[in-house]
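Asker:
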Amino acid sequence: MRINDCFRRPVTGVPGRLITLLNRVSHDHNATFTLTGSTTQCLNMASYNYLGFAQSIGPCADAVEDSIRKNGLSMCASRTEGGTSELHVRVEELIARFIGKESAMLFSMGFGTNASIFSPLVSKGCLIISDELNHTSIRFGSRLSGAVIKMFKHNDIEDLERLLRFEIAQGQPRTHRPWKKILVVVEGLYSMEGTMCNLPALVALKKRYKFYLFVDEAHSIGALGPTGRGVCDYFGVPPSEVDVLMGTLTKSFGATGGYVAGPKEWITKLRLHNAGSIYEESMSPVVVQQIWTSLRCIMGDEGGEDGQERLQRLAFNSRYLRLGLKRLGFIVYGHDDSPIIPLLLYNPAKMPAFSHEMLRRKIAVVIVGYPATPLVQSRYLARFDYSF
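Just so you know, the sequence shown maps onto residues 117 to 504 in my numbering.
1. Which class does Gly440 belong to by DSSP, given the choice of helix, strand or coil?
2. Assign Asn463 to one of two classes, buried (16 or more other C-beta atoms within 10 Å of its C-beta) or exposed (fewer than that).
3. Mind pulling the alpha helix (DSSP H) runs of 4 or more residues that sit fully within the segment 268-329?
4. Does DSSP put Arg118 in a helix, in a strand, or in coil?
5. Restricting to Cα atoms, I'd like to know which of Tyr166, Thr156, Gly216, Thr252 is closest to Gly226.
6. In its own chain, which residues sit with a C-beta less than 6 Å from the C-beta of Pro468, not counting the 5 before and 5 after it?
7. Could you check where the alpha helix (DSSP H) with Val207 kicks off and where it finishes?
8. Give the list of continuous beta strand (DSSP E) stretches no shorter than 3 residues that lie fully inside the segment 320-384.
9. Within the segment 121-147, note down every full alpha helix (DSSP H) run reaching 4 residues or more, in order along the chain.
10. When the Cα atoms are used, what is the spatial distance from Thr155 to Thr311?
11. Which of the three DSSP states is assigned to Pro464 in this structure?
12. Is it the case that the Cβ atoms of Ser393 and Phe223 are separated by a distance below 8 Å?
13. Output the distance between the C-alpha atoms of Cys192 and Leu315, rounded to the nearest integer angstrom.
14. Under 8 Å, Cβ to Cβ, is there at least one residue of chain B near Glu421?
15. Measuring alpha carbon to alpha carbon, tell me which residue in Thr152, His270, Val376 is nearest Thr364.
16. Roughly how many angstroms lie between the CA atoms of Ala212 and Gly174, to the nearest whole one?
17. Mind reading off the beta-carbon distance from Ile457 to Val448? Whole number of angstroms is fine, and I expect it under 8 Å.
18. Does the distance from the C-beta atom of Leu321 to that of Leu276 stay below 8 Å?
19. How far does the beta strand (DSSP E) with Phe223 in it extend, from its first residue to its last?
20. Would you kindly check if the distance between the Cβ of Ile265 and the Cβ of Ile244 is under 8 Å?
21. Helix, strand or coil for Leu151? Go by DSSP, reduced to three states.
22. What separation, rounded to the nearest whole angstrom, lies between the Cα atoms of Val403 and Ser307?
23. What residues in its chain sit with their C-beta under 8 Å from that of Ser190, if we drop five residues either side in the sequence?
24. How big is the Cα-Cα spacing for Leu438 and Asp452?
25. Roughly how many whole angstroms lie between the Cα atoms of Leu460 and Leu203?
26. Would a C-beta distance cut-off of 8 Å place Leu427 and Gly344 closer than the cut-off?
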């Protein structure tokens with residue numbers, strides 16, 4: 117109860133450089149809260165709005181407003197029988213071109229993307245080898261697939277190879293038949309660690325052991341690499357070396373939903389057998405317009421060099437903040453180029469103290485504890501996410 121006032125603080129407005137917090141008080145030791153009617157404007161260090169496209173001004177906001185004024189409700193009505201408009205198809209083609217894959221598919225929810233796509237890709241008799249720190253959506257979707265699931269230590273290529281050799285030699289439980297398919301699942305950028313997957317080493321291992329590779333780029337797409345194309349762009353690895361590239365459109369693109377990109381036959385199978393695409397509502401055309409404009413800005417098709425400037429500013433500010441925290445003596449996790457900067461607090465009592473001190477200085481941060489981080493390791497942290 118003592119730390120409740122640090123979580124779920126109500127905010128209003130858009131997640132720009134500054135964010136407006138609604139002030140609240142508690143008279144029953146944080147069991148309930150009452151809004152005071154006043155607000156506090158804080159420096160926003162708690163948002164995934166990496167490139168600033170979620171703001172209410174700029175090329176994306178203007179394009180969305182224009183589309184609503186021109187088309188109105190007809191945008192929502194101009195859909196085919198399957199719930200997909202021509203704009204949806206064009207955005208899927210643009211995403212595939214941006215990622216460097218044959219085909220791509222849109223989903224209306226990021227969590228639902230991972231929760232529903234594993235079942236068509238793997239099934240009983242298949243093996244999923246997952247990084248131990250993968251997101252909950254990956255764990256949930258993996259369980260639904262019916263495949264056997266094994267974990268390897270976070271970013272430990274030697275442990276992954278050891279597990280691969282053992283599983284290939286032993287085969288399926290009881291029968292010891294060869295696995296129908298082995299799928300290794302990792303994240304491009306881990307949201308609680310600020311670490312990146314070792315993609316070059318994974319690709320080298322893939323060539324040796326012939327498994328399929330799935331990379332979740334929810335936090336890396338649009339935020340890493342010289343052109344914002346994620347970990348493949350950052351490490352200089354051709355996207356063709358990764359079988360499936362998944363990502364969300366809620367962070368760098370300022371929209372909602374997710375996508376999956378891969379070989380055309382894989383995406384076609386997903387369209388036909390994926391429960392998420394069959395039963396869920398299709399993405400709102402207004403949101404699709406936001407994705408279309410932000411993608412074209414990053415690619416340089418709209419706004420000239422604006423997208424490239426945003427990427428360079430994000431990269432510079434991420435390194436600058438991380439270096440500054442290290443010089444102050446803080447223990448900071450993650451890769452030097454990661455826009456996610458976890459600052460280790462360790463002591464649970466420091467979490468509310470740190471949050472309150474930041475709020476007093478008008479800085480909005482996220483503090484994270486169990487179950488988002490392991491309890492036994494006492495890895496309580498404050499996570500800085502640079503907002504444009």
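Yeah, the Cβ is synthetic: ideal placement off N, Cα and C, and Gly gets one too.
None of the values given here were measured: they were computed from a predicted structure.
Answerer: Let's see:
1. Within the sequence shown, residue 440 is the residue found at index 324, counting from 1. Reduced to three states, the DSSP call for Gly440 is helix.
2. Start at 1 with the first residue of the sequence shown, and residue 463 comes out as number 347. Around the Cβ of Asn463, a 10 Å sphere holds fewer than 16 other Cβ atoms; the residue is exposed.
3. List check, alpha helix (DSSP H) in window: 273-286, 315-325.
4. Indexing the sequence shown from 1 puts residue 118 at position 2. Three-state DSSP puts Arg118 in coil, outside helix and strand.
5. Sequence index remark: in the sequence shown, residue 226 carries index 110 (1-based). Nearest option by C-alpha distance: Thr252.
6. Looking up residue 468 in the sequence shown gives position 352. Here the set comprises Ile119, Cys122.
7. For the purposes of this step, residue 207 is taken as the residue at position 91 of the sequence shown. Note, Val207: alpha helix (DSSP H), 202-215.
8. The segment 320-384 contains these whole beta strand (DSSP E) runs: 328-332, 360-364, 374-378.
9. If you keep only unbroken alpha helix (DSSP H) runs of at least 4 residues inside the segment 121-147, you get nothing at all.
10. For the purposes of this step, residue 155 is taken as residue 39 along the sequence shown, with counting starting at 1. For the purposes of this step, residue 311 is taken as residue 195 along the sequence shown, with counting starting at 1. In a straight line, the C-alpha of Thr155 is about 35 Å away from that of Thr311.
11. For this step, residue 464 is matched to residue 348 along the sequence shown. DSSP places Pro464 in coil when its eight states are reduced to three.
12. By 1-based counting over the sequence shown, the position of residue 393 is 277. By 1-based counting over the sequence shown, the position of residue 223 is 107. Cβ atoms of Ser393 and Phe223: closer than 8 Å.
13. Here residue 192 refers to the residue found at position 76 of the sequence shown. Here residue 315 refers to the residue found at position 199 of the sequence shown. The predicted model places Cys192 with a pLDDT of 48, which falls under 50 and marks its position as unreliable; any figure quoted below should be read in that light. Rounded to the nearest whole angstrom, the C-alpha separation of Cys192 and Leu315 is 40 Å.
14. Checking the listed chains, one finds no chain B in this structure; it contains a single protein chain.
15. What you label residue 364 is simply residue 248 of the sequence shown in a count that begins at 1. Out of Thr152, His270, Val376, Val376 has the C-alpha closest to the C-alpha of Thr364.
16. Mapped onto the sequence shown, residue 212 falls at position 96. Mapped onto the sequence shown, residue 174 falls at position 58. Taking the straight line from one Cα to the other gives about 25 Å.
17. Within the sequence shown, residue 457 is the residue found at index 341, counting from 1. Within the sequence shown, residue 448 is the residue found at index 332, counting from 1. The beta-carbon distance between Ile457 and Val448, rounded to whole angstroms, is 6 Å. This is short enough to meet the 8 Å contact definition.
18. For this step, residue 321 is matched to residue 205 along the sequence shown. For this step, residue 276 is matched to residue 160 along the sequence shown. Yes. Within cutoff.
19. Sequence index remark: in the sequence shown, residue 223 carries index 107 (1-based). Its beta strand (DSSP E) spans residues 219-223.
20. By 1-based counting over the sequence shown, the position of residue 244 is 128. By 1-based counting over the sequence shown, the position of residue 265 is 149. A Cβ-Cβ contact shorter than 8 Å links Ile244 with Ile265.
21. Taking the first residue of the sequence shown as 1, we reach residue 151 at position 35. Correct three-state label for Leu151: strand.
22. For this step, residue 403 is matched to residue 287 along the sequence shown. For this step, residue 307 is matched to residue 191 along the sequence shown. Ser307 has its alpha-carbon roughly 24 Å from the corresponding atom of Val403.
23. Walking along the sequence shown from the start, residue 190 turns up at place 74. Interpretation of Ser190 is limited by its pLDDT of 49, a score under 50 that renders its predicted location unreliable; no figure is taken from the coordinates.
24. Here residue 438 is taken as the residue at index 322 of the sequence shown, counted from 1. Here residue 452 is taken as the residue at index 336 of the sequence shown, counted from 1. For the record, residue 438 in the displayed sequence is Arg; it is not Leu. Cα-Cα distance, rounded: 7 Å.
25. Taking the first residue of the sequence shown as position 1, residue 460 is located at position 344. Taking the first residue of the sequence shown as position 1, residue 203 is located at position 87. Their Cα atoms are separated by approximately 44 Å.
26. Mapped onto the sequence shown, residue 427 falls at position 311. Mapped onto the sequence shown, residue 344 falls at position 228. Taking the C-beta atoms as reference points, Gly344 is found nearer than 8 Å to Leu427.
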